[in-house]
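K.L.:
Okay, here's the structure, questions in a sec.
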Amino acid sequence: MKDFLERIKAGEILVADGAMGTMLYERGINIHQCPERVNLSGPEILEEIARLYFEAGADIIQTNTFGASPLKLAKYSYDDRTEEIVRNAVRAVRNVVGENIYVSGSCGPCGRILKPYGDTEPDEVYESFVRQMKAFAEAAVDIVCIETMTDIGEATLAVKAAKTVLPSTPVMATMTFDATPRGLYTIMGVDVKTAAARLEQAGADVVGSNCGNGIEKMVEIAQGFRLCSNLPIIIQSNAGLPVMAKGRAVYRETPEFMAEKAKGLISSGVSVIGGCCGTTPAHIAAIREVVDFHPGR
Amino acid sequence: MDLLKDISNNLQRGDDEKVAALTGQAIAAKVPPKQILDDGLIAGMTVVGMKFKAHDIFLPDVLLAAKAMYAGLNLLKPLLVKEDIPAVGKVVLGSVEGDLHDIGKNLVGIMLKGAGFEIIDLGNDVPPERFVDAAVKENASVIGMSALLTTTMSNMKKVVDMVNERGLTDKIKTIVGGAPVTSEYAGEIGADAYAFDGISAVDRIKQLLGLS
Chain A
-3 MKDFLERIKA GEILVADGAM GTMLYERGIN IHQCPERVNL SGPEILEEIA RLYFEAGADI
57 IQTNTFGASP LKLAKYSYDD RTEEIVRNAV RAVRNVVGEN IYVSGSCGPC GRILKPYGDT
117 EPDEVYESFV RQMKAFAEAA VDIVCIETMT DIGEATLAVK AAKTVLPSTP VMATMTFDAT
177 PRGLYTIMGV DVKTAAARLE QAGADVVGSN CGNGIEKMVE IAQGFRLCSN LPIIIQSNAG
237 LPVMAKGRAV YRETPEFMAE KAKGLISSGV SVIGGCCGTT PAHIAAIREV VDFHPGR
Chain B
9 MDLLKDISNN LQRGDDEKVA ALTGQAIAAK VPPKQILDDG LIAGMTVVGM KFKAHDIFLP
69 DVLLAAKAMY AGLNLLKPLL VKEDIPAVGK VVLGSVEGDL HDIGKNLVGI MLKGAGFEII
129 DLGNDVPPER FVDAAVKENA SVIGMSALLT TTMSNMKKVV DMVNERGLTD KIKTIVGGAP
189 VTSEYAGEIG ADAYAFDGIS AVDRIKQLLG LS
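Here it is as structure tokens:
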């Protein structure tokens, strides 16, 4: 496989996959009680989802390991099965995509609030991420994606853990920003400038944002990253904020709408475009088409 | 009184050691505990809440201020109990069944405590009957429910229905909140109130209990 970082640094735009959680939910998986349990009980579902995104034209597929750090898994008493949970998730995607496209190990927040704001020791959080990264290393992921971070302290611990355990694996790091009257901030009060600087300093190779309020805000966020960082940018937007309809969450942004707005991401200099909550293979296929129409910069 | 103002200011800065020391000083100086609570801790937490609502400060500042508040409150509590000073009201709080998110719920708890309420925090993933049983057992007048997930918020209705079925609507009011929850949804499921955030939860609950 061609080198991931070389490709994006040469100006190529890569497409990442869309949502995992909402896809699992549609398949009857209870994602509220440990979304990674399915990695043990039914990894064939993960293969099915990976295949759909592969066929939609994704260049990067993320593993179902968002909460697969032992600290987070301990909530459900699955921490002793961290390695197995990660291995099964990576294998499921690899079985489908082989060496044709990149397998990206997803790593989300540990679910605790770090000292001094909360009562969890940063060392404990770092060790937890190290163990997840070791599992990624053993399972041979092509990329690590640290995502949905809101505390810059936790985000940098995860990036450092990834870079220490997997020094030659590209690391992408994204934070989730809200639009406040004062501008874009994570709930922990981190702005885009701080995020870009601290993530780069920690060793991230690609920086950016995921989840959030919808793709229009993401264009603004991407422009923010472009202004304060020379690193390649990744954006993985929700299909808008969910609204309730007949007791179900509905994400309103259509594949056509997101693909149209993705043009704004391309012109803002984004290198990796994917989806988060509510996006489907149809969204990724539509984004693929727009990206192919703009072959690099 | 300067001492109480100092408590409020240090609480706003999130200095738990100073707040504990100053609260100790105030107690030693025989300032009535209720006054330390109202003009020191509650006054400080009210400012923190307003600033957070106005986005002047962020979650980390609130969490530090809350730690400072608890540092003072822990010293005051035995005295308030001894002098039989009642809380403003008693609220049972939790994230609904299936929901493991608790930052929002904790913030509501912090703001309510900061306004003088007693909080029975049931944690997250709380089944409907636990809300109602706890409210009855603790003689609480409000059940506050939080949900971050669109897929768990329907469990709020089960609690509201259970309060109705057990004929407790006169005694127990229900209030809901959380990212996907709206006032329309609160109306739809028959909850007594909706709060957008921790600060408005304090206002709404005071209204529900006829305190404002």
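Here the protein sequences line up with chains A and B, keeping their order. Under my numbering, the first residue of the first sequence carries the number -3, and numbering increases by one thereafter. Under my numbering, the first residue of the second sequence carries the number 9, and numbering increases by one thereafter. Each residue gets a CB set at the ideal place from its N, CA and C atoms; glycine is no exception. In this text the structure is predicted, and so the values were computed from the model without any measurement.
1) Relative to the C-alpha of Arg83 (chain A), which candidate in A:Pro238, A:Phe132, A:Gly53, A:His28 has its C-alpha closest?
2) What separation, rounded to the nearest whole angstrom, lies between the Cα atoms of Ala175 (chain A) and Val99 (chain B)?
3) In chain B, which residues lie with their C-beta within 7 angstroms of the C-beta of Gly114 (chain A)?
4) Compute the distance between the beta-carbons of Leu101 (chain B) and Gly152 (chain B), then report whether it is under 7 angstroms.
5) Any C-beta of chain B sitting closer than 7 angstroms to the C-beta of Gly33 (chain A)?
6) Quick one: which chain A residues come within Cβ less than 9 angstroms of Asp211 (chain B)?
7) For a test of the three-state rule: what should DSSP assign to Asp16 (chain B), helix, strand or coil?
8) Step through the CB atoms of chain A and report whether any lies within less than 7 angstroms of the CB of His109 (chain B).
9) Does the CB of Ile217 (chain A) have a neighbour CB from chain B at under 7 angstroms?
10) List the residues of chain B whose Cβ lies closer than 7 angstroms to the Cβ of Arg178 (chain A), in chain order.
11) Check each residue of the region 190 to 203 of chain B: if its Cβ is closer than 7 angstroms to any Cβ of chain A, include it; give the result in chain order.
12) Would you say Ala151 (chain A) reaches chain B, if we count a Cβ-Cβ gap shorter than 7 angstroms as a contact?
13) Am I right that Met145 (chain A) and Ala151 (chain A) are in contact with their C-beta atoms under 8 angstroms? What's the rounded C-beta distance?
14) Just the chain A side, please: which residues come within less than 7 angstroms of Thr182 (chain B) by C-beta, in chain order?
15) Residues of chain B with a CB under 8 angstroms from the CB of Ile109 (chain A): which are they?
16) Check whether the Cβ atoms of Ala192 (chain A) and Cys141 (chain A) lie closer than 7 angstroms to each other.
17) Any idea what DSSP makes of Ala54 (chain A), helix, strand or coil?
18) Please report the residue range of the alpha helix (DSSP H) in which Thr190 (chain B) lies.
19) Can you confirm whether the region 270 to 288 of chain A touches the region 24 to 35 of chain B when touching is taken to mean that 3 or more C-beta pairs between the two stretches lie within less than 8 angstroms?
20) Is there a Cβ of chain B sitting closer than 7 angstroms to that of Ile148 (chain A), yes or no?
21) Using DSSP bridges, identify the partner residues of Lys181 (chain B).
22) Are Thr78 (chain A) and Leu69 (chain A) closer than 7 angstroms when you measure CB to CB?
23) Excluding five sequence neighbours on each side, which residues of the same chain lie with their C-beta closer than 6 angstroms to the C-beta of Met16 (chain A)?
24) Does DSSP put Arg244 (chain A) in a helix, a strand or coil?
25) What does Leu67 (chain B) touch in chain A if you count any residue whose Cβ is under 7 angstroms from its own?
26) To be precise: take each residue of the region 67 to 81 of chain A, compare its Cβ to all Cβ atoms of chain B, and keep it if any distance is under 8 angstroms. Which residues remain?
27) Buried or exposed: Gln58 (chain A), going by 16 or more other Cβ atoms within 10 Å of its Cβ?
28) Suppose contacts are defined by Cβ-Cβ distances below 7 angstroms. Is Ala298 (chain A) in contact with Pro251 (chain A) by that definition?
29) Relative to chain A, which residues along the region 142 to 169 of chain B have a C-beta separation below 8 angstroms, given in chain order?
30) Could you tell me whether the region 188 to 206 of chain A touches the region 158 to 169 of chain A, using the rule of 3 or more Cβ pairs below 8 angstroms?
P.N.:
The answer reads as follows:
1) If you number the first sequence from 1, residue 83 (chain A) lands on position 87. For the set A:Pro238, A:Phe132, A:Gly53, A:His28, the Cα lying nearest the Cα of Arg83 (chain A) is the one of A:Phe132.
2) Reading the first sequence from its first residue, position 179 is the one you call residue 175 (chain A). Reading the second sequence from its first residue, position 91 is the one you call residue 99 (chain B). Straight through space, the alpha carbons of Val99 (chain B) and Ala175 (chain A) are spaced by roughly 31 angstroms.
3) Looking up residue 114 (chain A) in the first sequence gives position 118. Within chain B, the residues placing a beta-carbon under 7 angstroms from that of Gly114 (chain A) are Leu71, ordered along the chain.
4) Position 93 of the second sequence, counting from 1, holds the residue named residue 101 (chain B). Position 144 of the second sequence, counting from 1, holds the residue named residue 152 (chain B). Against a cut-off of 7 angstroms, the Cβ pair of Gly152 (chain B) and Leu101 (chain B) comes out as a contact.
5) Here the question's residue 33 (chain A) lines up with position 37 in the first sequence. With the sequence shown as reference, residue 33 (chain A) is identified as Arg, and Gly is not the correct amino acid for it. No, Arg33 (chain A) lies away from the interface with chain B (no Cβ there is under 7 angstroms from its Cβ).
6) In the second sequence, residue 211 (chain B) corresponds to position 203, counting from 1. Those do not exist, as Asp211 (chain B) stays about 20 angstroms from chain A at its closest Cβ, beyond 9 angstroms.
7) Looking up residue 16 (chain B) in the second sequence gives position 8. Reading off the sequence shown, one finds Ser at residue 16 (chain B), where the question assumed Asp. The answer is helix: DSSP assigns Ser16 (chain B) an H, G or I state.
8) Stepping through the second sequence from its first residue, residue 109 (chain B) is reached at position 101. No, no contact with chain A.
9) Taking the first sequence and counting its residues from 1, the one referred to as residue 217 (chain A) is at position 221. Not flagged as an interface residue toward chain B: Ile217 (chain A), since no C-beta distance is shorter than 7 angstroms.
10) Sequence index remark: in the first sequence, residue 178 (chain A) carries index 182 (1-based). Listed along chain B, the residues sitting closer than 7 angstroms to Arg178 (chain A) by beta-carbon distance are His63.
11) For the region 190 to 203 of chain B, which is checked against every Cβ of chain A, the residues closer than 7 angstroms are Tyr193.
12) Counting from one through the first sequence, the residue named residue 151 (chain A) turns up at place 155. Put simply, the CB of Ala151 (chain A) is far from chain B, with every gap to its CB atoms at 7 angstroms or more.
13) Numbered from its first residue, the first sequence carries residue 145 (chain A) at position 149. Numbered from its first residue, the first sequence carries residue 151 (chain A) at position 155. Between Met145 (chain A) and Ala151 (chain A) the beta-carbon gap is near 4 angstroms, inside 8 angstroms, which marks them as a contact.
14) Translated into positions along the second sequence, residue 182 (chain B) becomes position 174. Below the 7 angstroms Cβ cutoff, chain A contributes no neighbours of Thr182 (chain B), its closest Cβ being approximately 18 angstroms away.
15) By one-based count along the first sequence, residue 109 (chain A) stands at place 113. Those within 8 angstroms of Ile109 (chain A) in chain B are Leu71, Ile111.
16) Locating residue 192 (chain A) in the first sequence gives position 196, where the first residue counts as 1. Locating residue 141 (chain A) in the first sequence gives position 145, where the first residue counts as 1. No, the Cβ-Cβ distance between Ala192 (chain A) and Cys141 (chain A) is not below 7 angstroms.
17) In the first sequence, counting from the first residue as 1, residue 54 (chain A) sits at position 58. In this structure, Ala54 (chain A) counts as coil in the three-state DSSP scheme.
18) In the second sequence, counting from the first residue as 1, residue 190 (chain B) sits at position 182. Segment: none, Thr190 (chain B) is in no alpha helix (DSSP H) and carries neither H nor E.
19) The answer is no - the region 270 to 288 of chain A does not touch the region 24 to 35 of chain B, with fewer than three Cβ pairs under 8 angstroms.
20) By one-based count along the first sequence, residue 148 (chain A) stands at place 152. With 7 angstroms as the cut-off, Ile148 (chain A) does not count as an interface residue toward chain B.
21) Reading the second sequence from its first residue, position 173 is the one you call residue 181 (chain B). Looking at the DSSP assignment, Lys181 (chain B) forms a beta bridge with B:Val150.
22) For the purposes of this step, residue 78 (chain A) is identified with residue 82 of the first sequence, where counting begins at 1. For the purposes of this step, residue 69 (chain A) is identified with residue 73 of the first sequence, where counting begins at 1. Yes, the Cβ-Cβ distance between Thr78 (chain A) and Leu69 (chain A) is below 7 angstroms.
23) Indexing the first sequence from 1 puts residue 16 (chain A) at position 20. If we look at Met16 (chain A) and ignore the five residues flanking it on each side, its Cβ neighbours are Asn60.
24) Here residue 244 (chain A) corresponds to residue number 248 of the first sequence, with the count starting at 1. Looking at Arg244 (chain A) - three-state DSSP - the assignment turns out to be strand.
25) Numbered from 1 along the second sequence, position 59 holds the residue referred to as residue 67 (chain B). Correct list: Ile183, Met184, Gly185.
26) Under the 8 angstroms Cβ criterion, the region 67 to 81 of chain A contributes Lys71.
27) In the first sequence, the residue the question calls residue 58 (chain A) occupies position 62. By the neighbour-count rule (16 or more Cβ atoms within 10 Å), Gln58 (chain A) is buried.
28) Because chain A is modelled from -3 through 293, residue 298 (chain A) falls outside the range shown and cannot be assessed.
29) Along the region 142 to 169 of chain B, going in chain order, the ones with a CB nearer than 8 angstroms to a CB of chain A are Leu157, Thr158, Thr159, Thr160, Met161, Ser162.
30) Yes, the region 188 to 206 of chain A touches the region 158 to 169 of chain A.
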